[in-house]
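Undergrad: Here it is, the structure, as structure tokens.
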Amino acid sequence: MLRSVIGRQWRCSATFQWCAMFQPFGGEVGKTGMSTATTTRTSQAHEQQQQQEIHKIDEEVSRLLALKAKLGGDAPVNQKFTLKTPKGTRDYAPQQMTLRQGVLDKIVQVFKRHGGEAIDTPVFELKEVLTGKYGEDSKLIYDLKDQGGEILSMRYDLTVPLARYLAMNKISSIKRYHIAKVYRRDNPAMTRGRYREFYQCDFDIAGTYDPMIADAECVKIVAEILDTLDLGEYVIKLNHRQLLDGMFEACGVPADNFRAICSAVDKLDKSPWEDVRKEMVEEKGLDGSTADKIGEYVRLSGGTELVEKLLADPKLKAVPNAVKGLEGMQLLLKYCSLLGLEKAISFDLSLARGLDYYTGVIYECVLKTEPPLSLPTTPIKTSAQNGGEQQEQQGGGGIVGSVAGGGRYDNLVGMFDPRGKAVPCVGVSIGVERIFSVLEAKFAASKVKLRTNDVEVYVASAHKGLHEQRLRVLNQLWQAGVKAEHSYKLNPKLLAQLQHCEENQIPLAIILGDAELSQGVVKLREVVTRQEASIKLDELAEEIIKRRAKD
């Protein structure tokens with residue numbers, strides 16, 4: 001098509017130039033008696049002009065052909081490319097999806113037990129909605145190209161979209177849960193469940209309520225989910241953002257440096273104090289003696305006795321923010337005790353959580369004995385951010401970090417409201433990808449094969465010519481709500497059909513035969529025990545439902 005268009009353009013241009021070259025000879029020569037020399041010069045001038053126009057057309061054709069090649073044109077038939085998922089992402093096989101869905105179902109049951117309602121929001125937001133909410137982590141937001149005048153970014157978490165949703169719809173009270181994918185331009189650690197595309201499972205309580213009641217329920221939800229998933233012993237670390245700010249003030253940190261120092265403290269779960277102190281002094285510009293004062297506090301952890309000790313601390317007593325934070329922690333620990341959480345929680349001053357929008361209590365859950373991950377290793381070559389090559393592992397050795405976290409954010413909704421109306425919120429996010437990593441490792445070690453389908457019965461034929469009867473039986477079962485399947489071959493071998501049942505852990509098989517069908521019955525076989533019984537066709541669905549109800 002491109003060559004056709006170019007050809008038409010060239011012919012039209014050439015015709016126009018040819019007519020233009022000879023047009024003067026139709027009138028002006030006869031009228032004025034122009035000399036032969038003048039006519040020759042005019043002809044040469046027009047011929048030169050025609051050559052210039054043809055040259056321009058050739059250049060334009062070359063430019064368009066080059067553009068076509070750049071845009072792709074016709075791809076080579078045997079073009080080779082690397083088959084891989086993008087960095088920080090992965091595929092999930094049926095067994096992995098079965099495991100994941102089981103985890104998500106258990107989490108949703110806990111959310112619903114506490115009165116949660118489900119919502120969903122777009123996978124991308126206006127960039128201005130997301131920027132300025134995540135502190136130093138804002139650099140991890142995925143930006144999209146301009147789409148029709150809107151500057152968009154992929155959502156970084158589910159909390160900021162919730163705040164936008166509440167402000168936009170004028171909602172002042174809701175108890176919602178949201179399970180969806182989020183995107184972060186992070187440096188992935190596949191073996192530890194850290195990806196660039198991953199699921200978050202959030203539960204949030206929005207509304208104006210008395211202090212720490214909703215906060216304590218969120219901590220309880222974390223404990224219930226961890227107990228349900230049976231991941232082993234865990235601890236839920238608790239702290240208060242006002243206490244952190246008060247502690248920084250008491251230690252002499254400038255107010256404009258609070259968030260930066262808080263971000264450094266947040267790394268104590270991954271780095272030793274010496275490294276965090278070095279970052280505070282060398283990168284954040286904090287005085288060494290001030291950093292040492294902070295170090296005395298952030299290495300403390302305990303329970304109500306630690307709260308009482310800090311309330312008596314002369315430096316903290318002089319800072320109102322610190323006192324408010326400690327009083328809040330005292331009340332939270334009391335409510336958590338009433339909910340039976342004494343053994344599961346710890347007041348930990350090293351907990352900071354670096355996101356800027358937290359205003360009150362913060363919490364994070366970690367496994368006490370972090371299981372080594374021993375998933376099969378699949379090295380994948382990926383381009384590093386600096387343009388080099390690195391080996392990225394899917395599986396392999398490693399340990400899992402925190403498996404849940406959250407806190408109170410009372411001012412986030414007000415950032416989106418035109419009048420600045422605040423809606424107090426508190427919530428928790430379950431780190432399901434890290435939980436999946438732990439459970440996948442467990443199943444890989446146990447070599448247990450997960451069942452990946454819900455088929456209750458397989459309709460088999462004992463010999464040829466029964467495919468139409470199989471379809472009639474299948475239709476009868478499906479209409480009764482029974483999960484059933486059969487072979488898509490007209491005349492499959494009976495042994496192959498029964499092997500399919502065993503390999504896919506299908507519990508029952510119906511075996512059709514001419515002799516049985518002539519009597520209006522079929523054989524119903526238990527695949528594991530291989531016991532068989534003759535069942536009337538019109539009672540078949542009822543019998544299967546009855547047997548499955550016993551399992």
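Last residue of the sequence shown? That's 551 in my numbering, and every number before it is there in order. Here a beta-carbon is modelled for each residue, glycine too, at the ideal position from N, C-alpha and C.
Any idea what DSSP makes of ASN257, helix, strand or coil?
TA: Within the sequence shown, the letter at position 257 stands for residue 257. Here ASN257 sits in helix by DSSP.
Undergrad: Using the DSSP secondary-structure output, state which residues sit across from VAL103 in a beta bridge.
TA: Taking the sequence shown and counting its residues from 1, one reaches residue 103 at position 103. According to DSSP, which records beta bridges pairwise, VAL103 is partnered with nothing at all.
Undergrad: Using DSSP with H/G/I as helix, E/B as strand and the rest coil, what is HIS46?
TA: Along the sequence shown, one-based indexing puts residue 46 at 46. Note: HIS46 maps to helix in three-state DSSP.
Undergrad: Under the rule that 16 or more other beta-carbon atoms within 10 Å means buried, what is ALA216, buried or exposed?
TA: Reading the sequence shown from its first residue, position 216 is the one you call residue 216. Buried, by the Cβ-count rule.
Undergrad: Between LEU349 and ASN239, how many whole angstroms is the CB-CB distance? I'm expecting something under 8 Å.
TA: As a working mapping, residue 349 is identified with position 349 in the sequence shown. As a working mapping, residue 239 is identified with position 239 in the sequence shown. Going by Cβ atoms, the distance from LEU349 to ASN239 rounds to 6 Å, so yes, they are a contact pair.
Undergrad: Could you say which of SER518, GLN476 and ARG525 lies nearest to ALA541 if we only look at CA atoms?
TA: Position 541 of the sequence shown, counted from the start, is the residue given in the question as residue 541. Ranking the options by Cα distance to ALA541, first place goes to GLN476.
Undergrad: Is it right to say GLN147 is buried, meaning 16 or more other beta carbons lie within 10 angstroms of its own, or is it exposed?
TA: Reading the sequence shown from its first residue, position 147 is the one you call residue 147. By the neighbour-count rule (16 or more Cβ atoms within 10 Å), GLN147 is not buried but exposed.
Undergrad: Round the Cβ separation of GLU249 and ASN321 to the nearest angstrom and send it over; I've been treating them as touching at under 8 Å.
TA: The residue labelled residue 249 in the question sits at position 249 within the sequence shown. The residue labelled residue 321 in the question sits at position 321 within the sequence shown. Right, the Cβ-Cβ distance comes to about 7 Å (below 8 Å), so this counts as a contact.
Undergrad: Excluding the 5 residues preceding and the 5 following ARG548 in the sequence, name in chain order all residues of the same chain whose CB lies nearer than 6 Å to its CB.
TA: Within the sequence shown, the letter at position 548 stands for residue 548. Here the set comprises GLU456.
Undergrad: Could you check if TYR358 belongs to the surroundings of the ligand COA, using beta carbon to heavy atom distance under 7 Å?
TA: This structure lacks the ligand COA, and indeed carries no ligand of any kind.
Undergrad: Say whether chain D places a C-beta atom closer than 8 Å to the C-beta of GLY325.
TA: Judged by its chain identifiers, the structure shown contains no chain D, having just a single protein chain.
Undergrad: Answer yes or no: do VAL222 and CYS365 have a C-beta to C-beta separation smaller than 8 Å?
TA: What you label residue 222 is simply residue 222 of the sequence shown in a count that begins at 1. What you label residue 365 is simply residue 365 of the sequence shown in a count that begins at 1. It is a contact, given that the beta carbons lie within the stated cut-off.
Undergrad: Among the candidates LEU508, ARG196, GLU342 and VAL528, whose CA atom is the shortest distance from the CA of TYR234?
TA: Here residue 234 refers to the residue found at position 234 when the sequence shown is read from its first residue. TYR234 has its Cα closest to that of GLU342, out of LEU508, ARG196, GLU342 and VAL528.
Undergrad: In or out: ARG472 buried (at least 16 other Cβ within 10 Å) or exposed?
TA: If you number the sequence shown from 1, residue 472 lands on position 472. By the neighbour-count rule (16 or more Cβ atoms within 10 Å), ARG472 is not buried but exposed.
Undergrad: Just list the residues that DSSP pairs ASP348 with in beta bridges.
TA: Position 348 of the sequence shown, counting from 1, holds the residue named residue 348. Paired residue(s): SER301.
Undergrad: How many Å lie between GLY405 and LYS170 at the Cα?
TA: As a first step, residue 405 must be located in the sequence shown, where it is residue number 405. As a first step, residue 170 must be located in the sequence shown, where it is residue number 170. Each residue's alpha carbon lies about 27 Å from the other.
Undergrad: What separation, rounded to the nearest whole angstrom, lies between the Cα atoms of MET34 and GLN44?
TA: By one-based count along the sequence shown, residue 34 stands at place 34. By one-based count along the sequence shown, residue 44 stands at place 44. Note that MET34 scores a pLDDT of 45, beneath 50, so its modelled location is shaky and nothing firm can be said.
Undergrad: Which residues share a DSSP beta bridge with PHE124?
TA: If you number the sequence shown from 1, residue 124 lands on position 124. The partner list for PHE124 (beta bridge, DSSP) reads MET154.
Undergrad: With DSSP as the reference, identify every bridge partner of ILE362, one or two as the case may be.
TA: Position 362 of the sequence shown holds residue 362. According to DSSP, which records beta bridges pairwise, ILE362 is partnered with ASN239 and GLY407.
Undergrad: Closest by CA to GLN469, which one among ASP454, LYS483, GLY481 and SER487?
TA: On the sequence shown, position 469 is the one that residue 469 refers to. The residue with the shortest Cα to Cα distance from GLN469 is SER487.
Undergrad: If you draw a straight line from the C-alpha of GLY94 to the C-alpha of THR452, how long is it?
TA: Sequence index remark: in the sequence shown, residue 94 carries index 94 (1-based). Sequence index remark: in the sequence shown, residue 452 carries index 452 (1-based). According to the sequence shown, residue 94 is Pro rather than Gly. One C-alpha to the other measures close to 6 Å.
Undergrad: Look at the alpha carbon of VAL108 and the alpha carbon of ILE430, and state the distance between them as a whole number of angstroms.
TA: Within the sequence shown, the letter at position 108 stands for residue 108. Within the sequence shown, the letter at position 430 stands for residue 430. When rounded, the distance between both Cα atoms is 11 Å.
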